[in-house]
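Working notes for the structure below.
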Amino acid sequence: MINYFPEEVLWHVFSFLTSHPDRNAASLVCKSWYNVERFSRGKVFIGNCYAISPERMISRFPRVRSLTLKGKPHFADFNLIPQDWGGNVYPWIVAMAKGSTNLEELRLKRMVVSDESLELLAKSFPNFKSLVLVSCEGFTTDGLAAIASNCRFLRELDLQENEVEDRRGQWLSCFPDSCTSLSSLNFACLKGEVNVAALERLVARCRNLRSLRLNHAVPPDALQKILAQAPQLVDLGADSFVHDPESETYNKLKNVMQKCSSIRSLSGFLDVNARCLPSIYPICINLTSLNLSYAPGIYSKELVKLIHKCKKLQRLWILDTIGDKGLGVVASTCKELQELRVFPSDLHVVGNVAVTEEGLVAISAGCPNLNSLLYFCQQMTNAALITVAKNCPNFIRFRLCTLNPTIPDAVTMQPLDEGFGAIVQSCKGLKRLSVSGLLTDQVFLYIGMYAEQLEMLSIAFAGDSDKGMLYVLNGCKKLKKLEIRDSPFGNMALLADTGKYETMRSLWMSSCGVTFGGCKTLAEKMPRLNVEIINEGDEMEGRPDDRQKVEKMYLYRTLVGPRKDAPDFVWTL
Amino acid sequence: MAKDGLGLETELTLALPGGGGDPSGSMEKKEKKRVFSEFSSDETTMTANKNEVVGWPPVCSYRRKNSFSMEEGTKMYVKVSMDGAPFLRKIDLSTREGYSCLLMDLEKLFGCYGIGEEDSSEYVPIYEDKDGDWMLVGDVPWQMFSRSCKRLRIMKRLDAKGIGLHAKDFHKGISIEA
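Those sequence lines, one after another, are chains A and B.
When we follow the numbering used here, the leftmost residue of the first sequence carries the number 266, and every step to the right adds one.
When we follow the numbering used here, the leftmost residue of the second sequence carries the number 10, and every step to the right adds one.
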C-alpha cells in the first residue's frame with residue numbers, strides 16, 4: 266500500500282527520520298524508498314573515511330549539507346600509529362567543491378587537515394556554518410584565518426584537542442566586522458597569542474554566542490571584560506584564571522560571574538590559583554558539566570569545596586588527585602551524575618595512590634544514573650565491580666583502565682574476569698567497553714554471552730588463547746569496532762569467521778599472534794576488506810616469511826578497494 | 010555467576026602473549042615492547058617498568074603533552090627541611106603534578122600530617138624563590154611555583170605567628186625572613 270504513496274508524502278515522512286540507522290534501514294526497503302531517502306539525507310556520517318570514496322558519497326547523497334568523517338583508528342591516540350599514515354580530508358573537500366555540494370557543516374575526527382584544505386573549504390561553500398575538528402592535525406593558524414575571513418555565515422568554530430601550529434598571525438582579527446553570527450568558538454587547544462582586543466570586539470558583536478572556550482594566552486583581565494560582554498554564555502572554557510585573590514581583576518571577575526547565570530558548563534583552569542576559585546561559586550549551583558581534568562593546580566580540599574556546590578552536575582571530568590575521599594564527596598553531592606571521567610595525574614611514578622576501587626564503589630552507590638565511565642585507577646577488585654554492576658545497571662560506556670595493565674584483584678589476587686562479567690550481565694544496554702587488569706579467556710566468554718548491544722570493545726594484555734577472541738566474535742552480534750593489543754590471539758581466531766568483519770567497521774590487532782600468512786589468507790578470501798599491515802623499519806627487507814608475526818594490523822570493510830594514498834610503511838595485502 | 014560447563018583451562022601466567030616458538034626469531038626484538046616487569050607481591054610498591062610499554066596507560070597524546078608539562082628526564086630536585094628534624098630530604102618537583110601531590114608527599118616524608126589544611130596543621134609549608142624571598146606555598150599556579158622554587162621548608166606555625174603574621178595574612182603571601 267505504502268508503495269503507492271506519492272513521493273511528496275514519503276519525502277515528508279522521511280524528514281522526520283533523523284538517526285542514521287533508521288535512514289539506512291529505510292533505504293533498504295525498496296528502490297523508491299532508497300531514492301527518496303538518498304535525496305532527502307542532509308547529514309551523512311562516515312565512520313571510516315576509507316570505507317567509501319568522496320565521489321560515491323556525493324553521487325548517492327547529492328543534497329548533503331553536513332558531513333562527519335573519521336580517519337585514523339582509535340589507537341592512533343596512543344602513539345601506536347606512525348606519522349603520515351593517512352586520513353587526509355583534502356580529497357573530500359575537492360570532490361565536494363567540484364560537485365557544488367551545498368556544504369554547511371563539517372565534523373572531522375582524527376584526520377589530517379592541511380591549510381590548503383581549510384582554504385579550499387572556506388572559499389568553496391558560501392553557506393558554510395560549522396567546523397568541528399577533534400584530534401586532528403596538519404593545519405596552522407593560517408588555515409583558521411582563511412575560515413575566519415571567508416565564511417560569512419560562520420556559526421561554529423570548535424577546535425578540540427588538535428595539534429595546531431601557531432604562525433603568530435592574527436587569525437582572530439580576520440573575522441570581519443560584519444561577522445555577528447558566531448554561536449560557538451573554541452580555540453582552547455591553540456598555544457599562541459591571540460589579538461585580545463579583536464576577541465573582545467568579536468564577542469561584543471556576536472549576541473548569539475553561547476559557547477566560548479579560550480586558550481591560555483587570554484589573560485584574566487581580558488576574561489573578565491569578555492564575560493561582561495557575554496552574560497548569555499552557556500559554556501565557558503578559561504585556561505588562564507586569576508592568580509591573586511586580592512587583586513582588582515579578581516573582584517571584577519567575581520562580580521561579572523554573578524551575572525553569568527546561564528553558564529551550565531565549565532572547563533579549562535590549566536593555570537589557576539585555588540584561592541581564586543570562590544569567584545566561580547555563584548555559578549556552581551547551575552553547572553551540569555565540569556571539566557577540571559587539565560587543572561593540576563587545585564588542592565583537593567579546594568576541589569571538594571567546589572564540588573559541594575555543584576549539586577546539579579551531570580558530567581564531571583577530573584584528575585585522580587581527587588582521591589577516593591573526594592569521589593565520596595562527589596557521590597554524596599552529585600546525585601544527577603551521568604558521566605564521570607577520572608584521568609591519571611601522574612604517568613611517571615607508580616605507587617602514588619590515586620584512586621582505587623573504593624572511589625568507584627562510592628560513586629556507584631551515590632549516583633544511580635551513571636551511564637558513562639572512564640576510570641584510570643591504581644587497583645580494582647571483583648567485589649567492587651560486582652557492586653558497581655548492581656548499583657548502576659544503566660551503563661552505556663564502561664572503560665576501566667588499571668595503571669598496571671595486568672594487575673589482578675587487589676584482595677584475592679584472582680583475575681578480574683568475574684567483575685567485568687558482572688558488568689556485562691547487568692548492563693544490558695552496554696555499547697562500549699574497555700577492559701584491563703589480569704584477564705583470562707573467561708572474561709571474553711562472559712562478554713560474548715551477555716554483551717548483546719556491544720558495539721566497541723578495547724582489549725589490552727588480556728586472554729590466554731584464541732578461544733577468547735572467538736567468544737567475542739561469535740557472541741557480540743552488534744560489534745562494530747574491535748581493537749586488541751598485546752594479547753595471545755592468532756590466526757585461528759582471526760580466520761574462524763571471516764564474514765564477520767564485513768558486519769563490522771574495523772578490527773585492530775597489534776602485538777598479537779597473527780602472522781603474515783594468516784593476514785594474507787584473510788585478504789585473499791575477503792576482497793571487500795582492506796587488510797593493512799603497518800611495518801616500521803625492521804621487517805621491510807624483502808618478502809616477510811608467512812610465519813612471521815605481524816606487529817600491527819588494521820582491517821576494515823570498504824567498497825572502494827585498497828586505498829591509493831597508503832604510505833610506504835603500510836602494506837595492503 | 011553460572012559458569013559455562015566447557016571445562017575451561019585458564020592458565021594464569023604473565024608469560025609473553027602469543028606463546029609457542031617463533032622460527033623467525035623476531036620475538037626477541039619485540040620482547041621489550043610487550044613485557045613489563047612482574048610486579049612484586051608487596052602491596053605498597055609496584056615496580057612495573059611503565060616506560061617500556063608504548064601507549065600505556067592509554068592517555069591520548071594531546072592530553073599527555075598538555076597535562077604532564079615536564080618532559081621525561083628533566084629532574085627538579087629541591088631540598089626540604091623541617092623545623093626540628095635532624096636532617097633534610099630532597100624531593101623532585103618535576104614528578105609532582107600539583108600542590109595536592111606535593112603536600113601528600115611532604116606528609117609522608119616528615120609525618121607532618123594536615124600540612125595541606127590551612128587552619129588545622131601545626132606546620133606551614135614555605136619556599137625560597139629565585140629572588141631569595143621566603144614565600145608561602147600555594148599562592149601562585151603550580152607551574153610558576155615549580156619553576157621558581159629553590160628550596161622548601163616546613164615551618165612551625167607558632168614561629169610564623171611570632172614574626173607578626175596572622176592566619177589571614179597567609180592569603181597575601183607576605184614574604185618573611187628566613
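Virtual Cβ for every residue (Gly too), placed ideally from N, Cα, C.
DSSP state of residue i mapped onto helix, strand, coil
i: Asp833/A; result: coil
i: Thr667/A; result: strand
i: Cys642/A; result: strand
i: Lys746/A; result: strand
i: Glu780/A; result: Here the sequence assigns Thr to residue 780/A, which means Glu is not the residue at that position. If DSSP states are grouped into helix, strand and coil, Thr780/A belongs with the strands.
i: Lys785/A; result: helix
i: Tyr715/A; result: helix
i: Met818/A; result: strand
i: Phe45/B; result: Only weak support is given to the placement of Phe45/B: the predicted model assigns it a pLDDT of 37, under 50, and the value that follows is read from those uncertain coordinates. Phe45/B: coil per DSSP, three-state reduction.
i: Ala290/A; result: helix
i: Pro66/B; result: coil
i: Asp101/B; result: strand
i: Tyr86/B; result: strand
Sequence-distant residues of the same chain with beta carbon closer than 6 angstroms to residue i, five excluded per side
i: Gly34/B; result: Here the model assigns Gly34/B a pLDDT of 38, short of 50, so the residue's position is not dependable, and the following value carries that caveat. There are no such residues.
i: Arg606/A; result: Trp582 and Leu639
i: Phe757/A; result: Note that residue 757/A corresponds to Met in the displayed sequence, not to Phe. These residues qualify, in order along the chain: Asp731.
i: Leu738/A; result: Asp762 and Lys765
i: Ala654/A; result: Ala687, Ile688 and Ser691
i: Phe685/A; result: Val700 and Val708
Inter-residue Cα distance where the pair is residue i and residue j
i: Leu885/A; j: Lys88/B; result: This structure cannot settle anything about residue 885/A, because the visible part of chain A is limited to 266 through 838.
i: Pro809/A; j: Ala788/A; result: 16 angstroms
i: Arg664/A; j: Pro441/A; result: 44 angstroms
i: Asp92/B; j: Val569/A; result: 30 angstroms
i: Phe781/A; j: Asn427/A; result: 34 angstroms
i: Val63/B; j: Leu345/A; result: 8 angstroms
i: Ala413/A; j: Cys541/A; result: 34 angstroms
i: Glu748/A; j: Leu759/A; result: 13 angstroms
i: Val815/A; j: Ser382/A; result: 34 angstroms
i: Asp830/A; j: Glu384/A; result: 21 angstroms
i: Ile798/A; j: Thr705/A; result: 27 angstroms
i: Val779/A; j: Ser771/A; result: 16 angstroms
i: Pro319/A; j: Arg330/A; result: 14 angstroms
i: Arg432/A; j: Phe404/A; result: 10 angstroms
i: Arg72/B; j: Cys110/B; result: 19 angstroms
i: Ala648/A; j: Pro680/A; result: 12 angstroms
i: Asp342/A; j: Pro67/B; result: 8 angstroms
i: Asp140/B; j: Glu131/B; result: 27 angstroms
Proximity of residue i and residue j at Cβ, strictly below 8 angstroms
i: Leu424/A; j: Cys454/A; result: yes
i: Gln603/A; j: Thr621/A; result: no
i: Leu820/A; j: Tyr766/A; result: yes
i: Met714/A; j: Gly740/A; result: yes
i: Ala495/A; j: Val459/A; result: no
i: Leu419/A; j: Cys444/A; result: yes
i: Ser449/A; j: Arg475/A; result: yes
i: Lys374/A; j: Val399/A; result: yes
i: Gly352/A; j: Cys314/A; result: yes
i: Ser776/A; j: Asp811/A; result: no
i: Ala630/A; j: Asn656/A; result: yes
i: Lys696/A; j: Glu717/A; result: no
i: Trp65/B; j: Pro670/A; result: yes
8 angstroms Cβ shell around residue i - same chain, five flanking residues per side excluded
i: Ile311/A; result: Ile317, Met322, Leu332, Thr333, Leu334 and Lys335
i: Leu115/B; result: Val89, Ile100, Cys121, Ile124, Pro134, Leu161 and Ile163
Interface residues of chain E facing residue i [CB-CB closer than 9 angstroms]
i: Tyr559/A; result: Within the model displayed, chain E is absent; protein chains A and B are what it includes.
Cutoff 7 angstroms; reference residue i; Cβ partners in own chain excluding five residues on either side
i: Cys549/A; result: Leu571, Lys574 and Cys575
i: Glu402/A; result: Val377, Asn427 and Glu428
i: Val535/A; result: For the record, residue 535/A in the displayed sequence is Leu; it is not Val. Taken in chain order, the residues that qualify are His481, Asp504, Tyr559 and Ala560.
i: Gln489/A; result: Thr514, Lys517, Leu518 and Val521
i: Tyr355/A; result: Ser379, Glu381 and Ser382
i: Leu592/A; result: Val620, Gly624, Ala627 and Ile628
i: Ser532/A; result: Arg478, Gly502 and Asn556
Distance cut-off 7 angstroms: residue i Cβ against heavy atoms of the ligand GTP
i: Cys110/B; result: You won't find the ligand GTP in this model; it holds no ligand whatsoever.
Taking only runs of the alpha helix (DSSP H) that begin and end inside the segment 343 to 404 of chain A, which ones reach a length of at least 4 residues, in chain order?
355 to 363 and 380 to 389
Taking only runs of the beta strand (DSSP E) that begin and end inside the segment 468 to 547 of chain A, which ones reach a length of at least 3 residues, in chain order?
476 to 478, 500 to 505 and 530 to 536
Give the list of continuous beta strand (DSSP E) stretches no shorter than 3 residues that lie fully inside the segment 567 to 648 of chain A.
580 to 584, 604 to 608 and 637 to 642
Those runs of the alpha helix (DSSP H) which lie wholly inside the segment 674 to 707 of chain A and span at least 4 residues
682 to 691
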